[in-house]
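Chains A and B, in that order, are what the protein sequence lines are.
Using numbering that gives the first Met the number 0, read the first sequence as starting at 0 and increasing by one per residue.
Using numbering that gives the first Met the number 0, read the second sequence as starting at 0 and increasing by one per residue.
Here the structure comes first, spelled out in structure tokens, and everything after it is commentary.
There are 2 protein chains.
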Amino acid sequence: MKKRFYNIAIVGLGNIGSYLFNFLNKNKINISNKNINNFKIIYVSAKNKNKKRKINIKKNQWVKNFKTIIKDKKVDIIVELIGGSEGAAKSLVFGALKSKKHVVTANKALISKYGDQLSKIAEKNKVNLEFEAAVCGGVPIIRSIKEGLIANKINRIYGIFNGTSNYVLSSMDQNKTSFNTTINKAIKLGYAESNPSSDINGEDVASKVKILSCLSFNSFINKNIHVEGIKDIDEEDISNANKLGYKIKLMGFSEILDNKIFQRVHPTLVDKSSYIAGVNGVLNAVIVDGKPVGKNIIQGEGAGPSATTSALVSDISSIMRGNIKFPFAISNTRRKKYSSGKITDLFFSSYIRLNVKDRYGVLADITKIFSNNKVSIKRVLQSPQKNKKNSSIVIITHRSKDNYIQKTLKTLVKKSYIIKRPKLLRIEND
Amino acid sequence: MKKRFYNIAIVGLGNIGSYLFNFLNKNKINISNKNINNFKIIYVSAKNKNKKRKINIKKNQWVKNFKTIIKDKKVDIIVELIGGSEGAAKSLVFGALKSKKHVVTANKALISKYGDQLSKIAEKNKVNLEFEAAVCGGVPIIRSIKEGLIANKINRIYGIFNGTSNYVLSSMDQNKTSFNTTINKAIKLGYAESNPSSDINGEDVASKVKILSCLSFNSFINKNIHVEGIKDIDEEDISNANKLGYKIKLMGFSEILDNKIFQRVHPTLVDKSSYIAGVNGVLNAVIVDGKPVGKNIIQGEGAGPSATTSALVSDISSIMRGNIKFPFAISNTRRKKYSSGKITDLFFSSYIRLNVKDRYGVLADITKIFSNNKVSIKRVLQSPQKNKKNSSIVIITHRSKDNYIQKTLKTLVKKSYIIKRPKLLRIEND
């Protein structure tokens with residue numbers, strides 16, 4: 000077969016860019032053999048040339064301004080590792096696709112925001128836009144949806160999509176430590192960035208959910224998503240969950256119900272003996288429910304330079320083989336637009352935690368409010384708090400419309416015996 | 000883009016062939032859209048035309064003799080669903096590749112036996128030979144190794160590769176039933192074939208291990224494999240395993256150690272709290288350990304018409320996109336030949352079950368034999384058997400060379416106080 004040469008430029012040389020640079024150089028022959036064609040890193044670029052890096056850049060490889068790379072006719076593939084949905088990353092990826100370069104990116108913020116526009120340019124210019132590394136690092140979920148599971152009509156995709164928050168929750172559970180202690184330890188160990196807010200507040204998972212929705216349902220990006228993070232989870236919730244037979248996980252969900260798309264991210268109680276309860280530490284897990292295949296699980300390391308490089312190289316390889324051109328698995332002319340469903344219309348069994356004053360008749364009043372709102376109670380766990388005249392009441396409801404649960408909480412919050420804002424955690428019964 | 004038309008012939012119309020036929024017809028537009036090109040089932044063939052099938056074959060689709068299909072210039076892709084490593088299936092697949100037809104097959108027996116020869120013909124004739132459906136049905140493991148995990152140097156691949164045996168073992172555990180009762184129930188429920196021998200004796204798993212080795216290590220088929228089935232596992236083993244904190248699973252393993260390939264299939268004790276212990280029923284799970292990705296798990300339904308069709312359609316789609324031509328991920332000219340390692344050179348913590356006469360000094364003699372053979376004992380579980388003058392002794396050893404364990408058993412078996420052949424089950428410590 001006739002061999003082609005692919006010239007690659009890497010823009011962004013942090014931990015991931017540097018790892019990828021070394022990996023491609025070290026494994027050049029093997030990667031070329033598997034993909035029939037050859038490649039070469041001809042340019043690299045980054046903000047700061049003088050930053051210390053463990054890579055050996057040749058003099059003629061360094062390019063000061065990435066705009067030069069976009070215009071260079073020799074370049075076939077641009078790997079964007081700058082990050083962020085705006086600024087340099089946005090200008091690089093839009094510019095590259097418009098100049099008919101293939102693009103590989105790990106940028107979930109950019110793809111979940113501008114993916115529709117970008118994929119239209121890629122399709123028009125017959126170049127690839129690949130982003131396996133943007134969703135769950137080393138877990139080859141995008142390639143699996145686009146190829147291994149191509150036959151399937153997916154109706155639900157969900158799982159643990161963020162390693163940092165999963166590390167924090169499993170560590171709080173295993174070591175009985177507070178949220179703040181645990182997050183500081185995670186930062187120290189390198190499992191969380193120094194500013195971990197997008198991992199903790201659910202935004203990172205939300206970006207991944209939006210991308211996975213498009214791939215799973217052949218739809219356009221839908222920006223409506225219910226997002227809750229984990230910063231309000233405390234030791235008492237973890238301990239209550241254990242007593243009741245659950246673990247708490249930050250999960251993302253996307254599903255089609257009645258022709259509407261429901262996207263949500265929130266801390267979720269899962270049965271202790273379930274598969275997902277055992278996915279601990281920085282691991283990610285994606286569960287795909289489709290026809291005819293049934294339920295498929297893919298699990299692996301969700302982040303870090305090595306796992307991300309595995310994904311980036313699979314994208315580069317796919318381009319080198321001339322494989323699939325559609326960034327979202329199907330032509331933009333055939334992608335669908337679903338209307339958005341609201342979480343308030345879904346049904347959950349829920350965990351509700353109330354802090355109340357220890358007064359006569361309180362539990363009777365609470366249960367009456369639940370009943371008035373058509374929410375039926377399955378279990379109650381009441382524990383008096385030491386040295387205080389307060390009680391903690393945990394209620395597990397039967398499956399009820401989320402709307403009714405929220406109405407119940409709105410009524411409760413006005414009551415004088417309620418000390419703190421009630422806490423709601425949804426239970427996954429799958 | 001210019002569209003191509005792929006003409007497909009399906010040979011073999013059992014449950015799977017019939018399901019595939021209907022699925023392709025029903026999802027024609029969607030599959031064509033995803034793969035840019037179109038397709039049509041132009042021929043079908045099977046042994047018995049008059050068998051009752053739930054499919055609507057047009058008059059000009061039926062071909063009496065599949066040899067006609069091989070010779071027909073209109074045919075692009077032949078799907079072989081006859082089964083078996085010899086006879087019609089062999090002659091069809093060899094013939095098809097020689098006539099420059101792409102082949103899709105679910106035939107693990109054929110591929111694990113003749114895969115090297117077949118892949119040489121396919122490569123020479125520049126056609127695809129695809130067999131995702133031959134290994135773990137709906138689990139897209141082959142496509143994942145060839146594409147999503149393409150960057151990785153895999154050093155170990157293992158897991159649960161047979162749904163029938165996994166159903167039997169998990170059912171024996173959950174329902175406390177005997178092997179025979181359980182296998183009969185499995186046949187009745189359709190989870191086992193009426194002659195389940197290749198599922199039970201480990202042969203089916205062995206075929207899959209051989210195929211996965213080639214893909215993982217870029218090697219030729221290695222026929223040396225240690226194979227043990229599950230027919231000797233009884234209720235007492237299951238109960239002992241539970242007491243000691245384990246579950247019993249039939250597992251396949253392939254790994255490269257000291258530049259040698261070690262392939263083995265045997266019932267394995269796994270920690271109760273491990274991931275693999277929770278994979279129950281007819282599910283399959285494949286664990287890939289590679290660099291740089293770390294450990295990846297893929298789990299799904301391992302058999303049945305729907306899961307298998309998911310795999311067959313992914314193969315057909317890959318051909319329609321003109322994707323990868325190498326059946327074993329890399330050109331035959333670059334595949335490696337490893338020498339074979341022996342299980343006796345590996346180290347395991349082991350479970351040994353002895354049935355002994357209740358005599359003075361027996362345990363002392365047994366422990367001395369272990370010690371003489373350099374096998375150190377970790378735990379002993381001795382239980383007298385009701386109404387008998389016998390005891391059951393279960394010994395868990397520390398990690399020892401398998402060879403030493405086997406020598407220990409050979410010495411023991413000669414002793415007059417040993418009633419039954421000692422039983423050995425290896426423990427997975429991963």
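Beta carbons are placed, not taken as given, at the ideal position from N, Cα and C, and that holds for glycine.
| Inter-stretch contact (C-beta, 8 Å, three-pair minimum) for the region 135-146 of chain A and the region 164-174 of chain A | no
If you draw a straight line from the C-alpha of B/Asp71 to the C-alpha of B/Gly86, how long is it? Taking the first residue of the second sequence as position 1, residue 71 of chain B is located at position 72. Taking the first residue of the second sequence as position 1, residue 86 of chain B is located at position 87. Roughly 21 Å separates the two Cα atoms.
- prompt: Using 9 Å as the limit for Cβ to Cβ distance, is B/Arg52 near chain E?
  reply: In the structure shown, chain E cannot be found, because the protein chains are A and B.
For this session: With DSSP as the reference, label A/Gly280 as helix, strand or coil.
Result: For this step, residue 280 of chain A is matched to residue 281 along the first sequence. Looking at A/Gly280 - three-state DSSP - the assignment turns out to be coil, as it is neither helix nor strand.
Q. Taking 9 Å as the CB-CB limit, is A/Lys123 close to chain B?
A. Residue numbering aside, residue 123 of chain A sits at position 124 when the first sequence is read from its first letter. No, its Cβ sits nowhere closer than 9 Å to a Cβ of chain B.
Quick one: complete beta strand (DSSP E) runs, 3+ long, within the region 323-382 of chain A?
346-356
Exercise for the section: Starting from the beta carbon of B/Tyr274, find every residue of chain A whose beta carbon is closer than 9 Å, and list them in chain order. Expected result: Taking the first residue of the second sequence as position 1, residue 274 of chain B is located at position 275. Ordered by position in chain A, the residues that pass the 9 Å Cβ test against B/Tyr274 are Tyr274, Gly277, Val278 and Gln298.
Q. Is the Cβ-Cβ distance between B/Pro291 and A/Ser143 less than 9 Å?
A. In the second sequence, residue 291 of chain B corresponds to position 292, counting from 1. In the first sequence, residue 143 of chain A corresponds to position 144, counting from 1. Cβ atoms of B/Pro291 and A/Ser143: not closer than 9 Å.
TODO: Output, in chain order, the set of chain B residues within a Cβ distance shorter than 9 Å of A/Leu362.
DONE: Counted from its first residue, the first sequence places residue 362 of chain A at position 363. What A/Leu362 touches in chain B: nothing, since even the nearest Cβ is about 37 Å away.
Open item on the list: Give me the chain A residues within the contact set of B/Tyr148, using Cβ-Cβ distance strictly less than 8 Å, ordered along the chain.
Closed with: Counting from 1 along the second sequence, the entry for residue 148 of chain B is found at position 149. The displayed chain sequence assigns Leu, not Tyr, to residue 148 of chain B. Near B/Leu148 (Cβ distances below 8 Å), the residues of chain A are Pro139, Ser309 and Ser313.
**OP:** Tell me whether A/Lys387 counts as near the ligand PLP, meaning its Cβ is closer than 8 Å to at least one heavy atom of that ligand.
**Re:** Absence of the ligand PLP is noted for the structure shown, with no ligands found whatsoever.
Is it true that the CB of A/Ser206 sits closer than 9 Å to the CB of A/Lys112?
Position 113 of the first sequence holds residue 112 of chain A. Position 207 of the first sequence holds residue 206 of chain A. A contact, by the Cβ cut-off of 9 Å.
- Report yes or no: is there a C-beta of chain B within less than 9 Å of the C-beta of A/Lys306? Position 307 of the first sequence, counted from the first residue, corresponds to residue 306 of chain A. Reading the sequence as shown, one finds Ala at residue 306 of chain A and not Lys. Output row for A/Ala306: interface = yes.
query = Exposed or buried, A/Val92, counting other C-beta atoms within 10 Å across all chains shown (16 or more means buried)?
reply = Position 93 of the first sequence, counted from the start, is the residue given in the question as residue 92 of chain A. With 16 or more Cβ atoms within 10 Å of its Cβ, A/Val92 is classed as buried.
Identify whether A/Ile77 lies in helix, strand or coil by the three-state DSSP scheme. As a working mapping, residue 77 of chain A is identified with position 78 in the first sequence. Strand.
query = chain A partners of B/Gly293, CB-CB under 9 Å?
reply = Position 294 of the second sequence, counting from 1, holds the residue named residue 293 of chain B. Ordered by position in chain A, the residues that pass the 9 Å Cβ test against B/Gly293 are Gly137, Gly299, Glu300, Gly303, Ser305, Ala306 and Ser309.
Practice problem: Take the Cβ of B/Ser430 as the centre, count every other Cβ of all protein chains shown within 10 Å, and call the residue buried at 16 or more, exposed below. | Solution: Absent from the model: residue 430 of chain B. The displayed extent of chain B is 0 to 429, so no value can be given.
Practice prompt. Output the distance between the C-alpha atoms of B/Ser348 and B/Thr396, rounded to the nearest integer angstrom.
Written response: Indexing the second sequence from 1 puts residue 348 of chain B at position 349. Indexing the second sequence from 1 puts residue 396 of chain B at position 397. Each residue's Cα considered, the two are about 5 Å apart.
* To do: Keeping to the same chain, check which residues put their C-beta closer than 6 Å to that of B/Ile15; ignore five residues upstream and five downstream.
  => In the second sequence, the residue the question calls residue 15 of chain B occupies position 16. These residues qualify, in order along the chain: Leu80, Pro304 and Thr307.
Can you name the start and end residues of the alpha helix (DSSP H) that B/Gln405 belongs to? Looking up residue 405 of chain B in the second sequence gives position 406. Asp401 to Val412 is the span of the alpha helix (DSSP H), which, as asked, contains B/Gln405.
Q: Closer than 8 Å by C-beta to A/Ser218: which residues in its own chain qualify, once you throw out the five before and the five after it? Chain order, please.
A: Residue numbering aside, residue 218 of chain A sits at position 219 when the first sequence is read from its first letter. Around A/Ser218: Ser212, Ile260, Arg334, Lys335, Lys336 and Tyr337.
Practice item. Please name the residues in the region 315-342 of chain B whose beta-carbon is closer than 9 Å to at least one beta-carbon of chain A, in chain order. Key: Ile315, Ser316, Ser317, Arg320, Gly321, Asn322, Ile323, Lys324, Phe325, Ala328, Ile329, Ser330 and Arg333
Report task. Would you kindly work out how many angstroms separate the C-alpha atoms of B/Asn270 and B/Ser375, rounded to a whole number? Result -> Position 271 of the second sequence holds residue 270 of chain B. Position 376 of the second sequence holds residue 375 of chain B. Note on residue identity: the sequence assigns Asp, not Asn, to residue 270 of chain B. About 20 Å.
Original post:
In angstroms, rounded to a whole number, what distance separates the CA positions of A/Lys387 and A/Tyr274?
Top reply: Mapped onto the first sequence, residue 387 of chain A falls at position 388. Mapped onto the first sequence, residue 274 of chain A falls at position 275. Their Cα atoms are separated by approximately 39 Å.
Beta-carbon within less than 6 Å of A/Asn279's beta-carbon, same chain only, minus the 5 sequence neighbours each way: which residues are those?
Within the first sequence, numbered from 1, the residue matching residue 279 of chain A stands at position 280. Closer than 6 Å at the Cβ level, and outside the excluded window around A/Asn279, lie Ser169.
**Message:** Within 10 Å of its beta-carbon, does B/Arg352 have 16 or more other beta-carbons around it, so buried, or fewer, so exposed?
**Reply:** Taking the second sequence and counting its residues from 1, the one referred to as residue 352 of chain B is at position 353. Buried is the call here.
Discussion item. I'd like to know whether the C-beta atoms of B/Ile110 and B/Lys73 end up nearer to each other than 9 Å.
Written reply: On the second sequence, position 111 is the one that residue 110 of chain B refers to. On the second sequence, position 74 is the one that residue 73 of chain B refers to. Going by C-beta atoms, B/Ile110 is not nearer than 9 Å to B/Lys73.
Item to complete: Decide yes or no for the touch test of the region 170-179 of chain A against the region 112-123 of chain A: beta carbon pairs closer than 8 Å, at least 3 of them.
Response: no
Notebook entry, point to check: At what residues does the beta strand (DSSP E) containing B/Pro266 begin and finish?
Noted result: Here residue 266 of chain B refers to the residue found at position 267 when the second sequence is read from its first residue. Note, B/Pro266: beta strand (DSSP E), Lys259 to Asp270.
Proximal residues, the region 6-29 of chain A versus chain B, C-beta separation under 7 Å
Phe22
In whole angstroms, what is the alpha-carbon distance linking B/Asn32 and B/Leu311?
Numbered from its first residue, the second sequence carries residue 32 of chain B at position 33. Numbered from its first residue, the second sequence carries residue 311 of chain B at position 312. About 17 Å.
* Selection from A/Lys57, A/Gln381, A/Ala284 and A/His265 that minimises the alpha carbon distance to A/Ile342 -> Along the first sequence, one-based indexing puts residue 342 of chain A at 343. Among A/Lys57, A/Gln381, A/Ala284 and A/His265, the Cα nearest to that of A/Ile342 is on A/His265.
Let me know the secondary structure DSSP gives B/Val138 once reduced to three states. As a working note, residue 138 of chain B is residue 139 in the second sequence. Looking at B/Val138 - three-state DSSP - the assignment turns out to be coil, as it is neither helix nor strand.
A/Glu192 lies in the beta strand (DSSP E); which residues open and close that run? What you label residue 192 of chain A is simply residue 193 of the first sequence in a count that begins at 1. Careful: A/Glu192 lies outside any beta strand (DSSP E) and carries neither H nor E.
Contacts around A/Ala328, its chain only, beta-carbon distance under 7 Å, and the 5 residues preceding and following it disregarded: As a first step, residue 328 of chain A is located in the first sequence; it is residue number 329 there, counting from the start. The residues are Ile144, Lys145, Leu214 and Asn217.
Delimiting residues of the alpha helix (DSSP H) encompassing A/Ala150: To locate residue 150 of chain A, count along the first sequence from 1; it is residue 151. Neither: A/Ala150 is in no alpha helix (DSSP H) and is coded neither H nor E.
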